[in-house]
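Peer 1: Chains as they are written, first to last, in the numbering used here: chain G, 1 to 376; chain W, 377 to 752; chain A, 753 to 1128; chain D, 1129 to 1504.
(1) Would you mind working out which of 398/W, 721/W, 748/W sits nearest residue 569/W, comparing C-alpha positions?
(2) Would you verify that the beta carbon of residue 25/G is, or is not, closer than 8 Å to some beta carbon of chain D?
(3) Do the segment 1080-1091 of chain A and the segment 1051-1063 of chain A touch if we need at least three Cβ pairs shorter than 8 Å?
(4) Assign residue 470/W to one of two classes, buried (16 or more other C-beta atoms within 10 Å of its C-beta) or exposed (fewer than that).
(5) Nearest chain G C-beta to residue 1051/A closer than 8 Å, yes or no?
(6) Just to confirm before moving on: does the CB-CB distance between residue 641/W and residue 575/W stay below 8 Å?
(7) If you reduce the DSSP assignment to three classes, tell me which class residue 379/W lands in.
(8) Count the other CB atoms within 10 Å of the CB of residue 287/G; is the residue buried (16 or more) or exposed (fewer)?
(9) Would you report the Cα separation of residue 981/A and residue 756/A, rounded to the nearest angstrom?
(10) Counting only C-beta atoms, is residue 742/W closer than 8 Å to chain A at any point?
(11) Going by beta carbon distance, what residues of the same chain come within less than 8 Å of residue 414/W, once the five residues before and after it are set aside?
(12) If you follow the beta strand (DSSP E) that residue 364/G is part of, which residue opens it and which one closes it?
(13) Verify the CB distance criterion: does residue 953/A have a CB-CB separation below 8 Å to chain G?
(14) Would you say the segment 536-544 of chain W touches the segment 502-515 of chain W, given that touching needs at least three Cβ pairs under 8 Å?
(15) Check the DSSP bridge columns for residue 165/G and list the partner residues they point to.
(16) If you measure between the beta carbons of residue 1014/A and residue 953/A, is that distance less than 8 Å?
(17) Check whether the Cβ of residue 642/W lies closer than 8 Å to any Cβ atom in chain G.
(18) Suppose only complete runs of 3+ residues qualify. What are the beta strand (DSSP E) ranges in the segment 846-876 of chain A, listed by chain order?
(19) Do you know offhand how far residue 812/A's Cα is from residue 699/W's?
(20) Interface residues of chain D around residue 969/A at Cβ under 7 Å?
(21) So with Cβ pairs under 8 Å, would you call residue 322/G a contact of chain W?
(22) Taking the alpha helix (DSSP H) that residue 564/W belongs to, which residues open and close that run?
(23) Whole angstroms is fine: what's the gap from residue 89/G's alpha carbon to residue 43/G's?
(24) Since residue 647/W and residue 566/W are thought to touch, with beta carbons under 8 Å apart, how far apart are those beta carbons, to the nearest angstrom?
(25) If the cut is a Cβ gap below 9 Å, which residues of chain A does residue 206/G touch?
(26) Run the CB neighbour count on residue 1068/A, radius 10 Å, all protein chains shown included, and call it buried at 16 or more, exposed below.
(27) Could you check whether residue 334/G and residue 572/W sit closer than 8 Å to each other, using their CB atoms as the reference points?
(28) With a cut-off of 8 Å, do at least 3 Cβ pairs link the segment 15-26 of chain G to the segment 353-360 of chain G?
(29) Anyone know if the C-beta pair for residue 528/W and residue 502/W falls short of 8 Å?
(30) Per DSSP, what kind of secondary structure is residue 674/W in: helix, strand or coil?
(31) Using the beta-carbon of each residue, which ones in chain G are nearer than 9 Å to residue 804/A?
(32) When DSSP labels each residue in this structure, what does residue 654/W get in the three-state scheme?
(33) Would you report the Cα separation of residue 1362/D and residue 485/W, rounded to the nearest angstrom?
(34) CA-CA distance, residue 1449/D and residue 206/G?
(35) Identify which residue in 1156/D, 1163/D, 1214/D has its Cα closest to the Cα of residue 1234/D.
(36) DSSP three-state call for residue 1279/D: helix, strand or coil?
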């Protein structure tokens, strides 16, 4: 039986490129359609794309391109673009792509209605955009955290009369935070949480943060980020009750900062627990966490969703962001907090676990649960 | 009447150099003695010193050195060293220096007993070292915060039988935090406080942090820092009662990080207040703060000890660290905190307000209060 | 007698801001008009401008802005904008500005015809744009190098029938190179020259280089730069013969790189000389250079246009770029070159000596030579 | 038949760690001995080593360490250390190690006599230290460039009466330069060469360059580097004549700079050729180069020793340093030079092709040529 055909909306941007990269040799999915804005439509992906995600560990080293004469103007970078997709002609973001599922890396300015059109037309949509995350009938999903929220899909289809559907993954800093919170939430309950982030440059996309703004500097503000961090975890940790999710009752305060790192959001977290464990018990809960996915064999699910380090100065972005292929969250410095109950530091790869990898893992769960059978 | 003669202990290190720089044209003090470790004793300060603090705004541009032939080996940097001190011969850290007061920039490994010897011998000691900060009879001082703690000096002298005395300034990240807390503490009371720091490279001294450790990275640990931040503010905000300071009852939790900035510690703070003001009232308290020093005319006291910025993405280290000549603390993003009561971001210049400038301001207060009259 | 009224074209960009900053308290000039693109016209400069050049040493510390409530969206930075110009309403780039001279910080895409309109209308134009630099009747000017080229102005006016005129300053990396070459050229002659540059981020303007492109990286290409460096020095060092400049006969090879520094272009230079001096003689020529401007009292002319350092590891961008208020070039490591004759490293402040400061010094020379008398 | 037993001298330093990393699953060699300075002797490699080279692409992701309680003090980093060597007890650098060949990553201060002792005692020594590089009877070797220089080994043994022998690899910036020069040298001859380097931080070892020295800066000096670059290529490109190498007659001028990159030395090169080809012919010579090793099947020899890129802004350190597993040199911007004949930019991985990888490739050539048979 063949692989499932997938398309990527917004394929030429930074997150779109991560999708291409992570799907290049995926065992379940094959890229059959790439869509982007008007500027790129009608030319090949290799021509349309300025490749900026080459830092990730590829399975094989890039082949040297055949030499081409010096051109005037700025070069596009093309090496690293998987050969399989380089010749695909970029299409418009309209629901006539040849595929079963689309991954959406669209910017929030346009994602909303386009994703709805695709879902109405029968496509499964796995979206990284924020637009539908808080819609009551749209799953906001981290497979290790709330896989049962997929039940919202049936409600969504009925209510909206769609043949397809939309699922979403959370904001990057939320994704890694909620994953680390999950075993704590399950075993001890969380009543309040304070988080201060130090976020990587790639989170702002490309070209993103001007170098003159960040060299020898920290910027204590990221537009919209604190609101997402204070709200999205409530839905993710919420209880599915009938046709809706009852949000978790956790008070969250977030303060977000941009720092001069390429990849890997670092978060200093402090939690107040409903039932206070000893420190060893807390560490054991984090370390022992495997999540509900073991038996599903999802290709992108890391063996250890949470890795706990014991060294006093870890995790660090450059050293730990690639843990579990960028899909693990690394936790360190677990210790008592005089103000709340416990504090710790956590790190995740923001464009893998926090974006493209998250949406792919969601799609893998959809497949494993039978949501990607061909629509009647 | 002449200036007061001062010496610097540990004069060749990074903080020692800041002392030299800030004292170079001080209206009240003149440098008459420089002391350092054995390696530098007997040669001139110009020969002993590898000058690394030249980023600070000097009153006049550096004069070009006369050209010297290329030398093998690594160059010492000498420009920026004030001409007045370049020819001073470095002495040992023994209490026979020709001066009335010594500033101590000694490392904690050796500062303790050396500072005691100087105090015993009749010198006033204004120390940046941590060793005596928590001694019950030693003032831990920020002039705008707790000037009345100077009364401990009399107790210290009697108890120890010293002709001189020691006063100390707090750790860098504490100094700027407590200054911003002062008007809040006075008007609303603080019961709990959470602080997450993003600290500059200069805080680790020179050579300090290896470039390979911090390029594209954040280090979530600074040895000893969290303990200082959780403890020193209690004494600084404490009440002088009889012969001792009763520590303030504030619960503090600190998480400290090293980031790739040269100067300026950024702190994300959240506070729980005894009496909760409206936001405008809180901002007004911060903004209107002048401290108790206005009438004393201390040369290093900034006109605005606290500067409140209204822009949504300030303060930033590179843009705001030099506010008030590096002696002001800049506060921004004052807003409600869902977990505690209010949160905000603050920034201070860690080697000026957090180190050398702090000790100099302390010395200025000593002078204004009559503590530097010649000892009988 | 009052100051000369000046305007700035392209006033809100990075170089435009440097003009504002350097002219804020200029003894001869006062800013009376600011012009920019459509987007900014009709609002005040304080409203139109996102200030990014605050790293320069201002004569007085920025006054804290009155506190304004948090706004959504990205903040404009306004502190640092001199109070005198903040309320000036930005005008269109049309020749009806109230001033005698305009400084042009316009981008090359639009500078050409706009500057011509101003010159035709009687304005003196001191331009930093590349468009007219190589016009045979337009002076390409560095006052210490070729002040006599101002004689082209008369030819320019006659030929074009203009009441005003245009003078230009060279490209940033050319400006500092040619200044250092001048005494060598005069005393020993130069037949060939190889230069490899390591250029600062500010040279690309704002937002300019994306941080993701330059963190942990060097980019070995700057569009158009090598061509300028290989051509402009020939005109600058050329001989005025009758109505034209005969270009110098020097063979130049340039290789340009972008590195992660804020300000200060570093250049590794190697020269072949017509007459080969001893090393001491060469150093003496560089060090002793004063240029032809001493008696003119130009306010922006540094006392030492060339500063020679003897340490083995200088000049360095962060340590040396502010020499002479950013108007001096710093030369170091002068030594024999086995391939050509001598090699050395030089550094200049690219947005001061290489852009705004250059155009201002040109205007000062115009004034001193009587070119700014009111047009009949 | 088993693998050849190898030891590493100076195993705990930065280059020593690269040796460990690159040899961890080598098909021909197995690490059986690790030696270092006194401080580390008698404890396991895992205990002795602060691992700093984890940025290299490992074949498998690091296993999470078992959690250990928070320790006071700075953590050693241990993950990334291959399991096979972690428990090896570090020995002294004396010639009683259990192995046939030793790789020397010793610092130049001690390498000279220690390497001689090992060679005298019968060990093959493949050294990265500079001490013996220019000894007339010691091969200075890049396998793709001068494999026939191995014939010096016989002369060396006879002259010195050693059972073993020493071979050396060049300085990092020389290694990559000479590899790129080889096909040009062979086909067109080179009479003069100018090279300006922009070298990575790792070239200075660990802790190496202080972050305060390099943030927002370039340092135009690296001790000893220019001398090596101007001399070592002459021996590498020299002709073996009887018992000695006649050095190549090329005039070289080098200027070396330290920039803020982790790995990858960039070099701007200009060459004067004996016979001047057209540009396409030159590119073809570079691109078509395979070297003399194809039939030997050396495991570390890259398929393309030289990769030529056609984009106008390549090579770049972050994007190109891992080409060929760090063993290829990447050349770009090949174009005519007005002063000499051609200029181009080249990039190599300084701690792989420029250090540990170089010495390992040398050892592989020794093995392939029969030099590692057990000594009689």
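Backbone N, C-alpha and C fix where the C-beta goes; we use that ideal spot for every residue, glycine too.
Predicted, not measured: the structure shown is a model, and the values here were computed from it.
Peer 2: Checking against the coordinates, here is how it stands:
(1) Of 398/W, 721/W, 748/W, the residue nearest in Cα terms is 721/W.
(2) Among the CB atoms of chain D, none fall inside 8 Å of the CB of residue 25/G.
(3) Yes, the segment 1080-1091 of chain A is in contact with the segment 1051-1063 of chain A.
(4) Residue 470/W sits exposed, since fewer than 16 C-beta atoms from the chains shown fall within 10 Å of its C-beta.
(5) At a cut-off of 8 Å between beta-carbon atoms, residue 1051/A makes no contact with chain G.
(6) With contacts defined as CB atoms closer than 8 Å, residue 641/W and residue 575/W qualify as a contacting pair.
(7) In the three-state reduction of the DSSP assignment, residue 379/W falls in the coil class, being assigned neither a helical nor a strand state.
(8) In this structure residue 287/G is buried. Its beta-carbon is surrounded by 16 or more other beta-carbon atoms within 10 angstroms.
(9) Roughly 33 Å between the two C-alpha positions.
(10) False, the Cβ-Cβ gap to chain A never drops below 8 Å.
(11) For residue 414/W, where only same-chain residues beyond five positions count, the Cβ hits under 8 Å are 468.
(12) It is not in any beta strand (DSSP E) - residue 364/G instead sits in the alpha helix (DSSP H) that spans 357-368.
(13) Output row for residue 953/A: interface = yes.
(14) Yes: the two stretches touch, three or more of their Cβ pairs being nearer than 8 Å.
(15) For residue 165/G, the beta-bridge partners assigned by DSSP are 124/G.
(16) Cβ atoms of residue 1014/A and residue 953/A: closer than 8 Å.
(17) Chain G has a Cβ within less than 8 Å of the Cβ of residue 642/W.
(18) Runs of the beta strand (DSSP E) inside the segment 846-876 of chain A: 853-856.
(19) Any reading at residue 812/A must be qualified, since the residue scores a pLDDT of 33, below 50, and its modelled position is unreliable; the value itself is stated next. Near 10 Å, if we compare the C-alpha coordinates of residue 699/W and residue 812/A.
(20) Neighbours of residue 969/A on chain D, chain order: 1389, 1444, 1445, 1446.
(21) Under the 8 Å criterion on CB atoms, residue 322/G is classed as non-interfacial with respect to chain W.
(22) Residue 564/W -> alpha helix (DSSP H) spans 548-564.
(23) Taking the straight line joining both Cα atoms gives about 5 Å.
(24) Their Cβ separation, rounded to whole angstroms, is 5 Å, which keeps residue 647/W and residue 566/W in contact under 8 Å.
(25) Near residue 206/G (Cβ distances below 9 Å), the residues of chain A are 962, 964, 965.
(26) Per the 10 Å Cβ criterion, buried.
(27) Contact flag unset, no.
(28) With the cut-off at 8 Å, the segment 15-26 of chain G and the segment 353-360 of chain G touch.
(29) For the 8 Å CB-CB criterion, residue 528/W and residue 502/W do not form a contact.
(30) Residue state, collapsed to three classes: coil.
(31) Going along chain G in sequence order, the residues near residue 804/A (Cβ under 9 Å) are 210, 212, 213.
(32) Of the three classes helix, strand and coil, the one that applies to residue 654/W here is coil, per DSSP.
(33) The straight-line gap from Cα to Cα measures roughly 51 Å.
(34) Going by C-alpha positions, residue 1449/D is about 22 Å away from residue 206/G.
(35) Looking at the Cα atoms, 1163/D is the closest of the given residues.
(36) Correct three-state label for residue 1279/D: helix.
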